[in-house]
Ligand SMILES: Cc1cc2nc3c(=O)[nH]c(=O)nc-3n(C[C@H](O)[C@H](O)[C@H](O)COP(=O)(O)OP(=O)(O)OC[C@H]3O[C@@H](n4cnc5c(N)ncnc54)[C@H](O)[C@@H]3O)c2cc1C
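In my numbering, the protein residues as written are 1 to 397.
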């Protein structure tokens, strides 16, 4: 495995390493010409993305009797979770880890593994008979003759209303200094990290000290020399898996703080959103003391790279054999060919309704309405609101 990955990453332009979904986009020659000749499939609503956000929207549309289709580029529902690192467990226990209309099938205090979550999503779609088309990657969303046009790897669709439920985390974010590491340094993004066996000998530098950075550091610490670089993002001051955590405090944080308090309707929520811009969430599972006890060495933000040596703002220097970028994601909405994105590629919207384009909605965006908008237990509220707007805009028969 190490060799395969090393071969894939050493010596290549780092920007090439982080292109998304290229394998899924591959189609036989002539496919697009044939697809273009066929009239688009028309639906009252097209939902783009069949992760928790898209499935949630599908559920609420179905409850209202609104016909729709859900398009997803992945081969299988839940693949986003399946492809995350092996040891990942959700920080939200099963009792807050289900979507509307089907509880998570485990004891309420159980923290699901990423594969359990993936299987749950697949079961959810089957249980509610949601019309999901997998292996259908949207390559362009635009408008013509009063309808949205959705060009995909598996044909064309048209609809008067579209929901983009593809999350704000599609394209790995990578600072310019990634180019300054020599080809002898293996580089990968946290999206492509799977397990410690994938990582060769020598110091590992994790850049970005949010939840992914901290959890991957803990995963690697037993067998590797691990350095974690980045600003302190703060942490939740209790053990989520401890007795009080499971019985009371996780509820206060996820259902209270993240869902009810830190919303776009509260001044504290709006301040928190502004402060979070470009920063990680506070650490939820891992605490700084645990990192120190595991032998993870903390250094400040990396400000530059010289001769493959990373230099931190606090003066620390590390010459890594491997760099894992835990620097988050760009929204990755470059396939949206509509005047709805701001200079940073983020949609302009209010609570999920596009500000300037009628009939276009979003679900699952980072802080769409509240911190919980991008979480399993919180996305349903936004999905329900989007379904209500769509119902109100449906022509009356
Ligand atoms: C490491 C990690 C751990 C997390 N842990 C938790 C947790 O414990 N609890 C919690 O509540 N939340 C957690 N989250 C946050 C959130 O729940 C997940 O990111 C979740 O996967 C978001 O679901 P989604 O449906 O919005 O987006 P995604 O799961 O990313 O699904 C989007 C779907 O859209 C599809 N798609 C994207 N672009 C296109 C396109 N152009 N055409 C067609 N299909 C497309 C993708 O194939 C995918 O299936 C975590 C996030 C990360 C990154």
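Yeah, the Cβ is synthetic: ideal placement off N, Cα and C, and Gly gets one too.
Remark: fewer than three beta-carbon pairs, one from each stretch, lie closer than 8 Å, so the segment 316-323 and the segment 249-258 are not flagged as touching. Short of 8 Å from the beta carbon of residue 100, and not among the five residues preceding or following it, lie these beta carbons of its own chain, in chain order: 56, 59, 60, 380, 383, 384. With a cutoff of 7 Å on beta-carbon distance, residue 386 and residue 361 are scored as near each other. In the three-state reduction of the DSSP assignment, residue 80 falls in the helix class. Residue 329 has 172 as its beta-bridge partners, per DSSP. Straight through space, the alpha carbons of residue 295 and residue 203 are spaced by roughly 12 Å.
For the pair of segments examined, the segment 352-371 was found not to touch the segment 112-124: the number of CB pairs separated by less than 8 Å stays below three. Looking at the backbone, the Cα of residue 390 and that of residue 281 are separated by about 32 Å. Relative to ligand 1, even the nearest heavy atom lies 6 Å or more away from the CB of residue 218.
Straight-line measurement puts the Cα of residue 371 at about 17 Å from the Cα of residue 348.
With respect to residue 112, residue 94 sits close: the two C-beta atoms are nearer than 7 Å.
By the CB criterion at 7 Å, residue 286 and residue 173 fall outside the cutoff. Using a Cβ-Cβ distance cut-off of 8 Å, the segment 153-166 and the segment 80-88 are not in contact, since fewer than three pairs of beta carbons, one from each stretch, lie closer than that value. Within the segment 226-305, the runs of alpha helix (DSSP H) that reach at least 4 residues and sit entirely inside it are, in chain order, 267-276, 288-293.
Taking all protein chains shown into account, residue 242 has fewer than 16 neighbouring C-beta atoms within 10 Å of its C-beta and is therefore exposed. Using a cutoff of 6 Å, the CB of residue 178 does not count as near ligand 1, since none of the ligand's heavy atoms is closer than that.
Cβ-Cβ distances below 7 Å link residue 330 to 171, 173, 345 in the same chain, with the five nearest sequence neighbours on each side left out; the list follows chain order. Under the DSSP assignment, residue 213 falls in the alpha helix (DSSP H) whose first and last residues are 211-220. Taking one beta carbon from each stretch, the segment 200-216 and the segment 253-266 have fewer than 3 pairs nearer than 8 Å; the two do not touch.
For residue 91, the distance from the CB to the nearest heavy atom of ligand 1 is below 6 Å. Residue pairing by DSSP places residue 60 opposite no residue, since no beta bridge is assigned to it. Less than 7 Å divides the Cβ of residue 142 from the Cβ of residue 149. Looking from the CA of residue 297, the closest CA among 365, 222, 240 belongs to 222. The closest heavy atom of ligand 1 lies 6 Å or more from the beta carbon of residue 276.
Less than 7 Å divides the Cβ of residue 165 from the Cβ of residue 49. Of the residues assessed, residue 266 falls on the exposed side of the cut-off, its CB having fewer than 16 other CB atoms within 10 angstroms. Assignment of residue 390 by DSSP, reduced to helix, strand and coil, places it in the helix class.
In this structure residue 324 touches residue 193 by the C-beta definition: roughly 6 Å separates them, less than 8 Å.
Relative to ligand 1, even the nearest heavy atom lies 6 Å or more away from the CB of residue 257. For residue 144, the enclosing beta strand (DSSP E) has its first and last residue at 138-144. If you draw a straight line from the Cα of residue 220 to the Cα of residue 206, it is about 10 Å long. One Cα belongs to residue 155, the other to residue 45, and the distance between them is close to 16 Å. DSSP, read as helix, strand or coil, puts residue 178 in helix.
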